[in-house]
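Colleague: At position 18 of the sequence shown (counting the first as 1) the number is 17 in numbering that gives the first Met the number 0, and the numbers step up by one without a gap.
Have a look at this one before I ask anything.
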Amino acid sequence: MASVLDAISLWRLASVRMNPPASAGAVERLQELLPHGIPQDLTTFLAAANGMKDYEMDRDHLSMWSAERIVRERDVATAPDGDWLAIGDFLIYSYCLRVCCSAATEQVRVDGTAEPFPSLGAFLARHIAEPHGPRGVE
Numbered sequence: 000m001a002s003v004l005d006a007i008s009l010w011r012l013a014s015v016r017m018n019p020p021a022s023a024g025a026v027e028r029l030q031e032l033l034p035h036g037i038p039q040d041l042t043t044f045l046a047a048a049n050g051m052k053d054y055e056m057d058r059d060h061l062s063m064w065s066a067e068r069i070v071r072e073r074d075v076a077t078a079p080d081g082d083w084l085a086i087g088d089f090l091i092y093s094y095c096l097r098v099c100c101s102a103a104t105e106q107v108r109v110d111g112t113a114e115p116f117p118s119l120g121a122f123l124a125r126h127i128a129e130p131h132g133p134r135g136v137e
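Structure (structure tokens):
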């Protein structure tokens, strides 16, 4: 969870415009899209900052969406390992950051990459340590 809060702190220091924490209603509407529950790291993220302002991005072109935008977009990619809900994007919707919606996993991945992350926190830790966008995009 520290990586989630660390990322938010770094974005704020870099003057990335963040939304205030998500409301209970926004989280409830998001819950309807995630029948197996909202992953803990995403819950932590939304409790600290309800994403970035729409179309705001960090220096590496990552935009983290608000709960309302996740619900509005309803961008779900179906794969053999489950349904993957978009929670953010790189390069103005060129690649989505997705969380798996299945009961078996809470993995996170970026479209077009072969490397899944075990959590949003693990992804953000890598993003902080090795910035400059998604790795291994096919």
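Just so it is clear, CB atoms sit at the ideal spot from N, CA and C, and this is done for glycine as well.
As the structure is a prediction and not an experimental result, all values here were calculated from the model.
Note the first and the last residue of the continuous alpha helix (DSSP H) segment covering G81.
Modeller: Looking up residue 81 in the sequence shown gives position 82. Looking at the DSSP string, G81 is not in any alpha helix (DSSP H); the run it does join, the beta strand (DSSP E), is 81–89.
Colleague: Could you pull out every unbroken beta strand (DSSP E) segment of at least 3 residues lying fully inside the region 50–129, listed in chain order?
Modeller: With a minimum length of 3 residues, the continuous beta strand (DSSP E) runs that stay inside the region 50–129 are 61–63, 75–78, 81–89, 94–99, 107–109.
Colleague: Using a Cβ-Cβ cutoff of less than 7 angstroms, which residues in the same chain neighbour L123 once the five nearest sequence positions on both sides are dropped?
Modeller: Residue 123 sits at position 124 when you count from the first residue of the sequence shown. The answer, listed in chain order, is S2, V3, A6.
Colleague: So, using beta-carbon positions, are M51 and V98 closer together than 8 angstroms?
Modeller: As a working note, residue 51 is residue 52 in the sequence shown. As a working note, residue 98 is residue 99 in the sequence shown. Result no, Cβ atoms of M51 and V98 do not sit closer than 8 angstroms.
Colleague: Are three or more beta carbon pairs between the region 38–47 and the region 106–126 nearer than 8 angstroms?
Modeller: Yes, since at least three Cβ pairs between the region 38–47 and the region 106–126 fall closer than 8 angstroms, the two stretches touch.
Colleague: How many angstroms separate the CA atom of S62 from the CA atom of R73?
Modeller: Within the sequence shown, the letter at position 63 stands for residue 62. Within the sequence shown, the letter at position 74 stands for residue 73. Roughly 16 angstroms between the two C-alpha positions.
Colleague: Near N18, which residues of its chain fall below 8 angstroms by C-beta distance, leaving aside the five closest residues on each side in sequence?
Modeller: To locate residue 18, count along the sequence shown from 1; it is residue 19. Once the five neighbours on either side are set aside, the close Cβ partners of N18 are A48, N49, G50, M51, K52, S65.
Colleague: In whole angstroms, what separates the C-alpha of R58 from that of S101?
Modeller: The residue given as residue 58 occupies position 59 in the sequence shown. The residue given as residue 101 occupies position 102 in the sequence shown. Going from the Cα of R58 to the Cα of S101 covers about 31 angstroms.
Colleague: Can you name the start and end residues of the alpha helix (DSSP H) that L41 belongs to?
Modeller: Reading the sequence shown from its first residue, position 42 is the one you call residue 41. Here the alpha helix (DSSP H) through L41 covers 39–47.
Colleague: Shortest alpha-carbon distance to D82 belongs to which of Y94, R28, H126, E105?
Modeller: Within the sequence shown, residue 82 is the residue found at index 83, counting from 1. Selected option, being the one with the closest Cα: E105.
Colleague: So the alpha helix (DSSP H) A21 belongs to, where does it begin and stop?
Modeller: Against the sequence shown, residue 21 aligns to sequence position 22. A21 -> no alpha helix (DSSP H), and no H or E assigned at all.
Colleague: Determine the burial state of D80: buried for a count of at least 16 other Cβ atoms within 10 Å of its Cβ, exposed for fewer.
Modeller: Taking the first residue of the sequence shown as 1, we reach residue 80 at position 81. With fewer than 16 Cβ atoms within 10 Å of its Cβ, D80 is classed as exposed.
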